[in-house]
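Beneath this line is the structure, given in structure tokens, with notes to follow.
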Amino acid sequence: MPEQPIPNDIAKLGFEEALQQLEEIVRGLESGKGKLDEAIKSYERGAFLKRHCESKLREAQMRIDKIVVGADGSVKTAPADL
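Below is the structure:
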């Protein structure tokens, strides 16, 4: 089954905002309060938020480079080993 696209309201969030919402959902689910239907909807939103956060982290990692000095003294950049 192919992954569903991330909803627009989540896709517009920055990493910090998405992470905060995900943390709130986790706290709510861990409390065990609320109805089953609400818990399922929260879990589904949490899954989208998690995917969005992971995507943002991958994007950031790809943009980070390290400076490498070659044996001949030349300076280059290479992907960071994070």
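Numbering (the working numbering), first residue to last: 266 to 347.
All C-beta atoms in this analysis are idealised placements derived from N, C-alpha and C, irrespective of residue type, glycine included.
For a test of the three-state rule: what should DSSP assign to residue 343, helix, strand or coil? On the sequence shown, position 78 is the one that residue 343 refers to. DSSP places residue 343 in strand when its eight states are reduced to three.
Between the CA atoms of residue 322 and residue 286 - distance to the nearest angstrom: One-based indexing of the sequence shown puts residue 286 at position 21. One-based indexing of the sequence shown puts residue 322 at position 57. Answer to the nearest angstrom: the Cα atoms are 16 Å apart.
Consider the Cβ of residue 285: report whether some Cβ of chain B lies at a distance smaller than 9 Å. Absence of chain B from the displayed structure is noted, only one protein chain being present.
By a C-beta neighbour count over all protein chains shown, 10 Å radius and 16 as the cutoff for buried, is residue 290 buried or exposed? Taking the first residue of the sequence shown as position 1, residue 290 is located at position 25. When all chains shown are included, residue 290 counts as buried.
Spatial distance of residue 325 from residue 300 (CA atoms): One-based indexing of the sequence shown puts residue 325 at position 60. One-based indexing of the sequence shown puts residue 300 at position 35. Each residue's alpha carbon lies about 37 Å from the other.
Quick one, which of 339, 311 and 302 has its alpha-carbon nearest residue 283's? Within the sequence shown, residue 283 is the residue found at index 18, counting from 1. Of all alpha-carbon atoms in 339, 311 and 302, the one lying nearest the alpha-carbon of residue 283 is that of 311.
By Cβ distance below 8 Å, which residues in the same chain neighbour residue 327 in space, the five residues on each side in sequence not counted? Here residue 327 refers to the residue found at position 62 when the sequence shown is read from its first residue. Within the same chain, and ignoring the five residues on either side of residue 327 in sequence, the residues whose Cβ sits closer than 8 Å to its Cβ are 344.
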